[in-house]
Amino acid sequence: MSGRSKRESRGSTRGKRESESRGSSGRVKRERDREREPEAASSRGSPVRVKREVEPASAREAPASVVPFVRVKREREVDEDSEPEREVRAKNGRVDSEDRRSRHCPYLDTINRSVLDFDFEKLCSISLSHINAYACLVCGKYFQGRGLKSHAYIHSVQFSHHVFLNLHTLKFYYNYKNIKRPPGDIMFLLVQRFGELMRKLWNPRNFKAHVSPHEMLQAVVLCSKKTFQITKQGDGVDFLSWFLNALHSALGGTKKKKKTIVTDVFQGSMRIFTKKLPHPDLVTCLPCEEVQQSTCLVASTFMYLTLDLPTAPLYKDEKEQLIIPQVPLFNILAKFNGITEKEYKTYKENFLKRFQLTKLPPYLIFCIKRFTKNNFFVEKNPTIVNFPITNVDLREYLSEEVQAVHKNTTYDLIANIVHDGKPSEGSYRIHVLHHGTGKWYELQDLQVTDILPQMITLSEAYIQVGWPQA
1 MSGRSKRESR GSTRGKRESE SRGSSGRVKR ERDREREPEA ASSRGSPVRV
51 KREVEPASAR EAPASVVPFV RVKREREVDE DSEPEREVRA KNGRVDSEDR
101 RSRHCPYLDT INRSVLDFDF EKLCSISLSH INAYACLVCG KYFQGRGLKS
151 HAYIHSVQFS HHVFLNLHTL KFYYNYKNIK RPPGDIMFLL VQRFGELMRK
201 LWNPRNFKAH VSPHEMLQAV VLCSKKTFQI TKQGDGVDFL SWFLNALHSA
251 LGGTKKKKKT IVTDVFQGSM RIFTKKLPHP DLVTCLPCEE VQQSTCLVAS
301 TFMYLTLDLP TAPLYKDEKE QLIIPQVPLF NILAKFNGIT EKEYKTYKEN
351 FLKRFQLTKL PPYLIFCIKR FTKNNFFVEK NPTIVNFPIT NVDLREYLSE
401 EVQAVHKNTT YDLIANIVHD GKPSEGSYRI HVLHHGTGKW YELQDLQVTD
451 ILPQMITLSE AYIQVGWPQA
């Protein structure tokens with residue numbers, strides 16, 4: 001009885017092994033049949049495409065223990081290649097039938113524009129990852145896409161939301177194919193964020209009355225290495241100078257040869273005549289012939305013109321109040337007429353310089369020099385500049401041979417930046433012209449109010465932007 005039981009147990013064990021081997025071979029066969037189905041569907045014109053590598057013979061003859069690993073690998077390949085959005089493809093000048101069907105998509109009516117907000121950081125609301133981020137155009141939430149196991153796919157199946165927008169691969173957002181930057185360069189982020197902000201501002205189909213510059217400001221903090229921060233007020237002229245030059249450099253521009261849209265819009269040119277002055281102690285010892293020095297001529301470019309204010313008076317009026325002086329704009333523009341000389345002192349040498357404009361840019365920027373730094377503190381000049389809102393003609397500040405070339409030399413003011421208060425504790429206000437209505441508006445933080453043009457001229461202007469008359 002014991003021998004028979006042993007033989008029966010051996011037979012049962014052998015039968016189990018044969019059944020398991022038959023079951024595993026059946027699973028392998030079913031897996032192969034499933035893999036052949038997408039290929040057959042694609043040959044019939046189905047839009048489903050599955051990427052599959054050719055397996056060697058050893059893999060096809062592998063035991064059942066290797067099959068799960070192969071299956072996991074193929075599932076990953078399918079997840080990586082599948083996307084919730086399909087690209088429009090054209091072959092031989094003909095649009096695929098898939099594109100014709102997408103024009104009559106039944107889910108386009110489910111897009112809810114009132115909940116869409118693209119000012120937030122492009123992160124998945126579940127995994128907090130910025131890789132392959134998609135926006136659901138039905139509910140406005142951000143999810144990580146790509147694959148049947150992604151958060152975007154699960155959200156689509158769970159809530160029947162079928163319209164998504166890729167937040168990183170929109171082709172109409174990336175118009176910088178010809179710009180090459182070195183690996184690891186972060187300055188191009190400033191160009192991308194600023195370009196997105198401008199497109200949002202000038203979008204004719206914008207459904208929001210306001211646009212948040214938060215992402216662009218984050219790029220400013222990162223690219224300036226925290227020189228300019230969101231929580232700390234900086235100098236307007238310092239930021240303007242850095243921002244224009246950073247954009248020009250990130251776009252691939254150079255100082256002399258290669259131009260960009262920044263230089264095409266804001267850059268002008270001038271001649272600088274420089275005469276070196278001898279040391280004051282040596283003037284009394286040298287004859288007049290040796291005191292006279294030769295003049296050096298240098299051609300230079302500019303992004304903005306710096307206007308020097310006259311020294312503010314220190315005396316008070318009859319009411320024991322400081323007198324706030326006023327100066328016409330054309331008086332401080334005389335610096336660029338090619339005749340007026342101004343002395344510049346350095347630690348070792350002194351110079352006499354005069355300037356003459358040779359080219360005016362399409363958009364002209366004036367920076368009124370109100371702050372003077374010394375070894376102890378910063379002083380502010382409160383002189384008010386009396387400037388006209390329109391018809392500022394700069395023809396007389398151009399050289400004679402250049403005046404005939406420039407057709408439009410008259411500018412109108414379109415923006416005025418004002419600094420109020422002390423140098424370290426002051427605040428900024430901005431006056432902007434609405435070109436469509438011709439009205440002026442004052443902006444300070446989130447407050448926007450109307451303002452009369454006459455009130456703009458009474459402010460302590462710091463930066464002004466003008467454009468030529470049509």
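Quick note: the sequence shown, position 62, residue 62 per UniProt numbering, numbers continuous. Ideal Cβ positions, reconstructed from N, Cα and C, are used throughout, including at glycine. Given the structure is predicted, the values throughout are model-derived calculations rather than measurements.
What are the boundary residues of the alpha helix (DSSP H) that includes residue i?
i      : result
Ser249 : 236-250
Phe330 : 329-333
Use the C-beta contact count for residue i: other C-beta atoms within 10 angstroms, 16 or more gives buried, fewer gives exposed.
i      : result
Asn132 : buried
Tyr344 : exposed
Pro361 : buried
Tyr174 : exposed
Phe159 : exposed
Thr346 : exposed
Val465 : buried
Asp450 : exposed
Met198 : exposed
Cys296 : exposed
Arg395 : exposed
Gln326 : exposed
Gln403 : exposed
Glu379 : exposed
Ile323 : exposed
Gln469 : exposed
Glu401 : exposed
Ser150 : buried
His214 : exposed
Arg94  : Note that Arg94 scores a pLDDT of 44, beneath 50, so its modelled location is shaky and nothing firm can be said.
Gly234 : exposed
Gly421 : exposed
Val157 : exposed
Gln267 : buried
Lys256 : exposed
Ile463 : buried
Determine the DSSP secondary structure at residue i, reduced to helix, strand or coil.
i           : result
Leu210      : Leu is not the amino acid found at residue 210; the sequence shown has His there. Three-state result, His210: coil.
Lys348      : coil
Phe118      : coil
Glu401      : helix
Ile451      : strand
Phe371      : strand
Ile384      : strand
residue 471 : It is not possible to answer for residue 471, since the shown part of the chain is limited to 1 through 470.
Leu201      : helix
Cys223      : helix
Ile323      : coil
Thr301      : strand
residue 514 : Examination of residue 514 is not possible in this model, given that the chain is present from 1 through 470 alone.
Ile261      : helix
Note down the Cα distance separating residue i from residue j, rounded to an integer number of angstroms.
i           : j      : result
Thr409      : Pro310 : 26 Å
Val163      : Trp202 : 25 Å
Leu364      : Phe377 : 31 Å
Val448      : His168 : 33 Å
Phe120      : Val418 : 30 Å
Val385      : Asn416 : 12 Å
residue 471 : Ile111 : Since the first and last residues shown for the chain are 1 and 470, residue 471 lies out of range.
Val211      : Lys359 : 35 Å
Leu458      : Thr306 : 20 Å
Ser269      : Leu357 : 6 Å
Lys141      : His161 : 11 Å
Val115      : Tyr304 : 41 Å
Asn381      : Phe387 : 17 Å
His406      : Ser399 : 11 Å
Thr263      : Phe143 : 39 Å
His104      : Leu170 : Unreliable positioning characterises His104 in this predicted model, as indicated by a pLDDT of 47, which lies under 50. A coordinate reading is not provided.
Ala461      : Leu251 : 31 Å
His130      : Ala219 : 16 Å
Ser300      : Gly236 : 23 Å
Pro182      : Thr227 : 23 Å
Ser427      : Leu443 : 12 Å
Leu148      : Leu190 : 34 Å
His248      : Ser125 : 35 Å
Since residue i is in the beta strand (DSSP E), which residue starts that stretch and which ends it?
i      : result
Leu307 : 305-308
Pro468 : 461-468
Ile272 : 268-277
Tyr428 : 427-434
Lys439 : 439-444
Asn408 : Taken as a continuous stretch (DSSP letters only), Asn408 belongs to no beta strand (DSSP E), as it is neither H nor E.
Extract the residue ranges of the beta strand (DSSP E) inside the stretch 134-188, only unbroken runs of 3 or more that lie entirely within it.
With a minimum length of 3 residues, the continuous beta strand (DSSP E) runs that stay inside the stretch 134-188 are 142-144, 164-166.
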